[in-house]
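Everything in the sequence shown is counted per UniProt numbering, starting at 1 for the first residue and increasing by one. Below is one structure, written out as structure tokens; comments come after it.
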Amino acid sequence: MRDPGLPTLDQLRVFVAVIDCGSFSRAAAELHRTQSVISYTIANLEAQLNVALFDRSKRKPTLTEAGKALLADARTVGMKIDAMRARAKMMSLGLEAEVSIVVDVMFPNCQLVQALKAFQQEFPTVGLRLRIEALGAVKHLVAERVCQIGIAGPMLDFPDIFQAQQLGYITMIPVAAPSHPLGQMQGTIPTEVARDYTQLVLTDRSQLTAGQNFGVVALRDWRLGDLGAKHMLLLNGLGWGSMPEEMVRADVAEGRLVHLQLEHLTAGQYSLHMINRTDDAPGPAGRWLMRYFLDHAADLSVAPASPAKPQ
Numbered sequence: 001m002r003d004p005g006l007p008t009l010d011q012l013r014v015f016v017a018v019i020d021c022g023s024f025s026r027a028a029a030e031l032h033r034t035q036s037v038i039s040y041t042i043a044n045l046e047a048q049l050n051v052a053l054f055d056r057s058k059r060k061p062t063l064t065e066a067g068k069a070l071l072a073d074a075r076t077v078g079m080k081i082d083a084m085r086a087r088a089k090m091m092s093l094g095l096e097a098e099v100s101i102v103v104d105v106m107f108p109n110c111q112l113v114q115a116l117k118a119f120q121q122e123f124p125t126v127g128l129r130l131r132i133e134a135l136g137a138v139k140h141l142v143a144e145r146v147c148q149i150g151i152a153g154p155m156l157d158f159p160d161i162f163q164a165q166q167l168g169y170i171t172m173i174p175v176a177a178p179s180h181p182l183g184q185m186q187g188t189i190p191t192e193v194a195r196d197y198t199q200l201v202l203t204d205r206s207q208l209t210a211g212q213n214f215g216v217v218a219l220r221d222w223r224l225g226d227l228g229a230k231h232m233l234l235l236n237g238l239g240w241g242s243m244p245e246e247m248v249r250a251d252v253a254e255g256r257l258v259h260l261q262l263e264h265l266t267a268g269q270y271s272l273h274m275i276n277r278t279d280d281a282p283g284p285a286g287r288w289l290m291r292y293f294l295d296h297a298a299d300l301s302v303a304p305a306s307p308a309k310p311q
């Protein structure tokens, strides 16, 4: 049996137009063709697919069961081609195909979502690759060119390969569950008392900040690679530790966690910076995203006092 060949994009567009317009004649007018050309195109498409798309016994174009099933495929192909053309056009104008960004886990989720929604609306044809990491892992991924842009946490100094711009600070507060011994103490808790209880801290999987001790005061600690896991363990009374105030605000207000009044550690600032490699400047879409974060930096929660103690 002779292979009739693959359906063309034009045939699929005609198929969709007949349904959207409601008749062969209206589809012909919409596409600026004669009705006979529309009918011929549909007949060829049916021959190539070896199925009847329309029920010819009805006055109006009525899809067969096969036609109903294939209409969705035809629409999908058309939309994919349109998207490819739009992306190719933007790339020809200098717009990158994809933006890659790594964000510190402490960055507020609500602000991240707002930024990504704005980016998607502004650059619908540009892909986005997002990673969430802790501490030095953000700098590592930018340094290794895995991601072009980073929102990084505190660092004693930034290597010369980075261009760093201050974003702001996240308020960090020490918390524990009401069932935890520290959560049951009234007034200011001396550091030597807190030191005797297990502290939950985030693990830094990067060598860029190896050896740097971020706010760890306890004699015993549990190292965790995930902020969500740390939050869960805190809620279950398995230790104490610092968390972004915005993330645990409802927990404190509703009594699931207690804001500990630790000596020298009532609240702290976790600094955030926008970074990229000096020799790997982002394209137009990447620069737009960086500018968005910088322009909205004032929305970040700012701690009133203490130095950075992220753990």
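Idealized CB from N, CA, C, for every residue including glycine.
**Study point:** For A298, the three-state DSSP class (helix, strand or coil)
**Key:** If DSSP states are grouped into helix, strand and coil, A298 belongs with the helices.
**Study point:** Beta-carbon separation (whole angstroms), L260 vs P174, contact threshold 8 angstroms
**Key:** Between P174 and L260 the Cβ distance is about 4 angstroms, and since that is below 8 angstroms, they are a contact.
Practice item. Could you spell out where the beta strand (DSSP E) holding E133 opens and where it closes? Key: Run containing E133: 127-133, per the beta strand (DSSP E) assignment.
Exercise for review: Pull up the distance between the alpha-carbon of S242 and that of M155, whole angstroms please.
Suggested key: Inter-residue distance for S242 and M155 is about 18 angstroms (C-alpha atoms, whole angstroms).
Practice item. In angstroms with no decimal places, state the Cα-to-Cα distance between I132 and P108. Key: Going from the Cα of I132 to the Cα of P108 covers about 12 angstroms.
**Study point:** First through last residue of the beta strand (DSSP E) which encompasses Y270
**Key:** Here the beta strand (DSSP E) through Y270 covers 268-277.
Exercise for review: Sort A285, H296, N276 by Cα distance to V138 and report the nearest one.
Suggested key: Considering only alpha carbons, the answer is N276.
Check your understanding: Is it right to say I81 is buried, meaning 16 or more other beta carbons lie within 10 angstroms of its own, or is it exposed?
Key -> Burial call: exposed.
Check your understanding: Of the choices L71, T198, N236, W288, whose alpha-carbon is the least far from that of T219?
Key -> The sequence given here has Leu at residue 219, not Thr. Among L71, T198, N236, W288, the Cα nearest to that of L219 belongs to T198.
Exercise for review: Could you give the DSSP three-state label for T232: helix, strand or coil?
Suggested key: According to the sequence as given, residue 232 is Met; it is not Thr. In the structure shown, M232 sits in a helix (DSSP, three-state: H, G or I).
Review point. Which of the three DSSP states, helix, strand or coil, is assigned to G237?
Key: G237: coil per DSSP, three-state reduction.
Point to revise | Extent of the continuous alpha helix (DSSP H) run through Y40 | key: Under the DSSP assignment, Y40 falls in the alpha helix (DSSP H) whose first and last residues are 35-49.
Practice item. May I have the straight-line CA-CA distance separating A52 from M232, to the nearest angstrom? Key: Taking C-alpha positions only, A52 is separated from M232 by approximately 58 angstroms.
Exercise for review: Give the secondary structure of R56 by DSSP, where H, G and I count as helix, E and B as strand, and everything else as coil.
Suggested key: Residue state for R56 is assigned as coil, using DSSP reduced to three classes.
Review point. Nearest-angstrom Cα distance between P282 and I170?
Key: If I take the Cα positions, the gap works out to 26 angstroms.
Practice item. Provide the residue span of the alpha helix (DSSP H) that contains T171, from first to last. Key: First-last for T171: 162-176, but that is the beta strand (DSSP E), not the alpha helix (DSSP H).
Review point. Measuring CB to CB, does T203 end up less than 8 angstroms from G237?
Key: No.
Review point. Hey, how far is the Cα of A303 from the Cα of K230?
Key: With a pLDDT of 40 at A303, under the threshold of 50, the modelled position of this residue cannot be trusted, and the question is left open.
Review point. What did DSSP end up calling Q261 once you bin it into helix, strand or coil?
Key: Reduced to three states, the DSSP call for Q261 is coil.
Check your understanding: When you compare only the Cα positions, how much space is there between T191 and E263?
Key -> The alpha-carbon atoms of T191 and E263 are separated by roughly 6 angstroms.
**Study point:** Residues bridged to A66 (per DSSP)
**Key:** Within the DSSP bridge table, the entry for A66 names no partner.
Point to revise | Among S23, I42, A164, W240, nearest to V216 - alpha-carbon criterion | key: The option with the nearest alpha carbon to V216 is W240.
Review point. Taking buried to mean at least 16 other C-beta atoms within 10 Å of its own C-beta, is Y40 buried or exposed?
Key: Exposed: under 16 other Cβ atoms inside 10 Å.
**Study point:** Through-space distance from A66 to E46, alpha-carbon basis
**Key:** In this structure, the straight-line span from the alpha carbon of E46 to that of A66 is close to 10 angstroms.
Exercise for review: Between the Cα of M274 and those of N50, V16, G168, A176, spot the shortest distance and give me the residue it belongs to.
Suggested key: If we check each option's Cα against that of M274, G168 comes out closest.
Check your understanding: By Cβ distance, which residues of its chain are closer than 8 angstroms to R75, with the 5 residues on each side in sequence left out?
Key -> Once the five neighbours on either side are set aside, the close Cβ partners of R75 are V16.
Check your understanding: Excluding five sequence neighbours on each side, which residues of the same chain lie with their C-beta closer than 8 angstroms to the C-beta of A28?
Key -> Cβ neighbours of A28 beyond the five flanking positions: T34, Q35, V37, I38.
Point to revise | Close beta carbons around I189, own chain, < 8 angstroms, minus the five adjacent residues each side | key: Excluding residues within five positions, the ones whose Cβ falls inside 8 angstroms are L182, L260, Q261, L262, E263.
Exercise for review: Please go through the same chain and pick out, in chain order, the residues whose beta-carbon is closer than 8 angstroms to the beta-carbon of F293, but skip the five residues on each side of it.
Suggested key: Excluding positions up to five away in sequence, the list reads A115, I151, L167, M274.
**Study point:** Rounded C-alpha distance that separates A72 from G22
**Key:** Their backbone Cα atoms lie some 16 angstroms apart in a straight line.
Practice item. Kindly list the residues whose CB is nearer than 6 angstroms to the CB of D221, restricted to its own chain and excluding five residues on each side of it in sequence; keep chain order. Key: Hits under 6 angstroms: Q199, V201.
Check your understanding: Can you name, in chain order, every residue of its own chain whose Cβ lies under 8 angstroms from the Cβ of V103, other than the five neighbours on each side?
Key -> A distance below 8 angstroms between beta-carbons, with the five flanking residues on each side excluded, links V103 to the following residues of its chain, in chain order: L112, L130, R131, I132, E133, V138, G150, I151.
Exercise for review: Could you name the residues of the same chain whose beta carbon sits closer than 8 angstroms to that of P310, not counting the 5 residues immediately before and after it, in chain order?
Suggested key: Note on P310: pLDDT 42, under 50, position unreliable in the model; no value is reported.
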